[in-house]
Every structure is written in C-alpha cells, then in structure tokens.
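Below: one structure, written as structure tokens.
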Amino acid sequence: MTADAPETRFSISNNSSHLYQDHFSYILEYKNGTQTDGFFDLELLKKSLNILVRKHYKPVAGWFQAHNNSIDVVYYSDKFNDPPVTTQTLDMDYETLSRHVHDSNVELLVPAASSTEITFEDNDIPMIMVKVTYLESNEAVVLGISYHHSLMDGTSFWTFMANWSALCKHLYEHGDTAEFDIPNSPTFEFPDISHFHNPSKKFEHPEYILVDPDQYHTKLQPGSEKIVETILEISVEQQQALRQQARDIGVSFTELLCAVMWKGINGLRLELDPEIGSGLSFYTCILNSRTRTGVSNNVCASPVINTPCERTVAEVAALEVCDIAQLVHEAIAKCTGEYLSSSFRYLHKQFLQELDDTRNNWVGKKVMCAFTCSAPVKCVIASSRTFPIYSTDFGFGTPEYVHPPYLPYDGFVRIWPTPMYDARSSNAPLHVYVSQPEHVDLSQSPLFAQFLKRNID
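Residues 645 to 1101 (the working numbering) are what the sequence shown spells out, left to right.
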C-alpha cells in the first residue's frame, strides 16, 4: 500500500524494534545571546513540526497497533496523531536553567508519556513529544524531546532533528512561499535483508534471552540502588594516544574505548565485592549495522543489534585492555549480513510462537534483549559521537549543550560529542557518561581517574 493510500501500515515485529518499548529523551539548550525577539517562536516550532510529520514523516503522526500476527505502525491520509507540544515559562536566570540541563532534570524539562507499552488495546502512544521551556528573561530556550524507540533509533532520530531544524530555519528566514526540500528524505519499514540469509549456516544468538512470562519486560528496570552519572572527558591528546594504540593492535578507536570502559567498570565492582569473581560480566555494544548491510542512514526502522560478549568477572579483571579490545572487536565483527538475517529470523519465529501461546492460553517463554537482564557486572555501550547533534540550528543558532538520554540504570555508558567535536579529526574533547550505583567511585579506578570530569546526581 502506498503512502498516499487511506491507510498505510508497516510491521515492527519482524526486527528488534518491538523488544524495547520506551521513550528516549534528549535535552537541547539554546542561549539567546543577542536577546532576539521571537527566539524559538512557539507557533513557528509547531508549524514546522506539523508540516514535517504530515508531509515527510507520516508514521510519526500515526499509531502503534498490535493485531493478528504483527505489531504495526499504522497511519492515515486524513487523520493525524500529531506530536504533542507543551510549554512552560520559568522565572529563573540562565545559569540556573543550564544547571538543570546539565543535571538532566527530566521531570522539569522533558515531556512524559502516560504509556509506552504497545498493547492489543487502542493506545494513543506519541511517537515524538516536545516540551519547550522559556525564561521570562528571554535569555535561553530549552527543548526537551522524547521519541519512542520502537519507531526510531538514535541515527534516525538525529536525521529527523536535522530535517525539522532545517525546515524551521527555512520558514523563519523565508516564510511560507519558497519551496523547500528537507536535507534527508526518510524511509520507513524494516529494510529487506533476506538476501543475506544462508540456510547452511547456523548461529547462536546470545543477544537475546528467553525468560518466563513473570520475568518479561519491555523496558529497563531501575533496580533498588540509586544510580548516578559520571562524566568522563577524553582530551584531544588522550584520543590521539588511544587511536594510535588501536591501530597498533588492529581494532577501531571505539572498540578500544569500549574495552577501557568494560575493564574499568569490572575492576571497580570486583574490588568492592570480591565474591562476584565467578559471576557474569556482561558487555554489549548497541550496533547500528546500516553500513555493513548497505542500508541508508535515512531508514527509520533499522537493523540495530546488540553485540554481546560474556566472561566471568575474574576473567575480565585478569585480561589486559588490548585483549579485551580484541574480544569486543570479534563480537562486532561477527555481525555480518548473514548473522543479522539469522538473528531477525530467529526473533520473528519466537514472536509468532509467543502469539500462538497467547491464543491457546499456553505458558511459554518470551524473548528479551539480553542486556535488559541483571548481572553482577554490566557494561552496555551506545556511541553517538558521529551524530550531527551540535548542528541542530532552528534559525537561532546551534545549541550550547545537549544532554544525552538520561539512563539511570546500572552499567550504561554513552559516548557523546562535545560542541566542537568532529569524529573524523578528534579536534575537541569527547565525553563518556557512565551510570553506576552511588557507592561506586570511578575516581578509584586508574583507568577512569585520568578522564574524570564531574558527577551528576
């Protein structure tokens, strides 16, 4: 069915999208240094957003729908689930607002959804939500934006933001009359990678785990301990040294950085609790496999896969960083087109089995992403350092600061650019956000102490 048909739908249950049903949030801080009137005019923001989704991103103005043998995104030519936009105006100075941004005050600055889980009942789950925070002094504006992870991943979200900001800037500078083509035309539906399928090859898929129904969940669980973020800052000189070391051992810069993170977290947790030495140390990298499958970055439903690697805590503690980097490299290297095709065929087969169990009132296992389960040590890494985050200009300049998704879950690590960072040249510091229980002091690790910047409660 074409996008102009009265009803169009595509499945999200033929890939990993439906396994993680939650909103991810970003906070973008813009400073009005010239005290411009109409800075981030609300009607302009709303108008550009609605034009974008209705003309170019129709699924964003659609609905999730669970039915028959599929979970779909369905959208229509004559009715729209437009992204909700809320606002607030605060009586505080710019420095105070900026602290709230840096401290990831999601309760104040980010819109909250009443529901995120896709069910068989009708659910008006927003695909994208926006909260605009103004100051009475007109010194700054903060955009809090949440997107549902079952529709987009980080790559496609920042493509969306590039398109929205470009369209808004065009309307601000030229009005409604001039024609405008968005920089990146998005495509939906999961890309066809069936040509990679090789029935002669059999793979194990440790990126997934089968659990009893009472253990099943579609989002991360907060746990009982308070989690704090620590920002590590990797200087230009430190990046250059890491890049040289990576070249010497035949891995990528990101793979070596992942090894440093896994080794450092593992060592700290073992020192605090020596009894976990025989327990599982679980590493995974959330991998955007578009390049290796020849899929465009504009595809929203992408072949994202989590590349796991498991050892005991004691084993990781005994390994050198370069040896761990080789393990990380091997875990990522195995994610060929054949492996990805096998992974999603396995996932879809399990999904159909679960539907059959439900229809027949049988109690069967359910599949989850392995990284959502607990382990004595976890290191779950997502790298956003190549995203065009600090190029997001709505017509009023680029952001002063953008906070990555706040994930108060044990073991999450986000590799994040700073405002002047260029992934090709490493010409500015790089930030790494590490989430750990409050009692874990990253400064006690020699691997982390050299990068330590500051804490966020």
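Where a beta carbon is used, it is the ideal one built from N, C-alpha and C, also for glycine.
Whether residue i touches residue j by CB criterion (8 Å)
i: F840; j: E982; result: yes
i: S1027; j: D1054; result: no
i: S790; j: V754; result: yes
i: P1052; j: Y1034; result: no
i: T874; j: V1024; result: no
i: V855; j: N676; result: no
i: A969; j: I893; result: yes
i: T731; j: Y778; result: yes
i: P1032; j: W707; result: no
i: P703; j: F847; result: no
i: V1084; j: L916; result: yes
i: P1061; j: Y670; result: no
i: P857; j: K978; result: no
i: P650; j: Y720; result: yes
i: Q665; j: K863; result: yes
i: I762; j: S742; result: no
Cβ neighbours of residue i in the same chain (closer than 7 Å, five flanking residues each side left out)
i: S879; result: P1073
i: G1039; result: C812, K813, Y816 and E817
i: Q679; result: N782
i: F1092; result: L876, G908 and L1086
i: I976; result: E899, C929, L931 and T951
i: L999; result: N713
i: W808; result: S692, L693 and L696
i: W906; result: Y927, V960, I968 and C1023
i: N842; result: E982
i: D735; result: E780
i: N941; result: T799, T803 and R934
N-terminal and C-terminal residue of the alpha helix (DSSP H) that residue i is part of
i: T898; result: F897 to L916
i: S742; result: Y738 to H746
i: G981; result: G981 to R1003
i: M805; result: G798 to H818
i: L1091; result: P1090 to A1093
i: L1086; result: L1086 -> no alpha helix (DSSP H), and no H or E assigned at all.
i: L753; result: V750 to L753
6 Å Cβ shell around residue i - same chain, five flanking residues per side excluded
i: R638; result: Since the first residue shown for the chain is 645 and the last is 1101, residue 638 is missing from the structure and cannot be characterised.
i: L672; result: L787, P1043 and V1046
i: G1008; result: D1001
i: H667; result: A757, T760, S790 and H792
i: V663; result: For the sequence presented, residue 663 should be read as Leu rather than Val. Answer for L663: C1013, listed in chain order.
i: M709; result: Note on identity: in this sequence residue 709 is Gln, with Met being the wrong assignment. Closer than 6 Å at Cβ, skipping near neighbours: D716 and V718.
i: A1067; result: R1029 and T1030
i: F824; result: H814
i: Q1088; result: none
i: L1096; result: S1087
i: K870; result: E1082
i: V972; result: E899, C902 and A903
i: D722; result: none
i: R653; result: D716 and V718
i: S655; result: S714 and D716
i: H992; result: N658
Residues bridged to residue i [DSSP beta-bridge criterion]
i: M1012; result: I853
i: H841; result: DSSP output for H841 lists no bridge partner at all.
i: V972; result: V972 pairs with nothing; no bridge assigned.
i: C966; result: DSSP lists no partner for C966.
i: T652; result: Y719
i: T831; result: V943
i: L1074; result: I878 and P1061
i: S758; result: The partner list for S758 (beta bridge, DSSP) is empty, contrary to what the question assumes.
i: L1096; result: L876
Host beta strand (DSSP E) of residue i (start-end)
i: L1051; result: L1051 -> no beta strand (DSSP E), and no H or E assigned at all.
i: N950; result: V948 to T956
i: Q732; result: V729 to L734
i: I878; result: I871 to I878
i: Y860; result: No beta strand (DSSP E) contains Y860, which DSSP labels as neither H nor E.
i: M773; result: I772 to L779
i: I1025; result: V1021 to S1027
i: C784; result: In the sequence under discussion, the amino acid at residue 784 is Ala, which differs from the Cys named in the question. Element bounds for A784: A784 to H792.
i: P1032; result: Unbroken run through P1032: none, as it is neither H nor E.
i: I1059; result: F1056 to P1061
Sequence-distant residues of the same chain with beta carbon closer than 8 Å to residue i, five excluded per side
i: L914; result: I920, G921, V957, A958, A961 and V1021
i: H728; result: According to the sequence displayed, residue 728 carries Pro and not His. Closer than 8 Å at the Cβ level, and outside the excluded window around P728, lie P755, P770, M773 and V774.
i: I837; result: T937, V939, P947, G981, L984, S985 and F988
i: Q1094; result: Q882
i: Q884; result: S1070
i: P827; result: A806, N807 and A810
i: Y1065; result: R1029, Y1034, N1071, A1072, P1073 and L1074
i: V965; result: L900, A903, V904, K907 and L1091
If you scan the segment 656-718 from start to end, which runs of the alpha helix (DSSP H) of 4 or more residues do you find wholly inside it?
-> 686-699
Whole beta strand (DSSP E) elements within the segment 918-947, 3-residue minimum | 924-932
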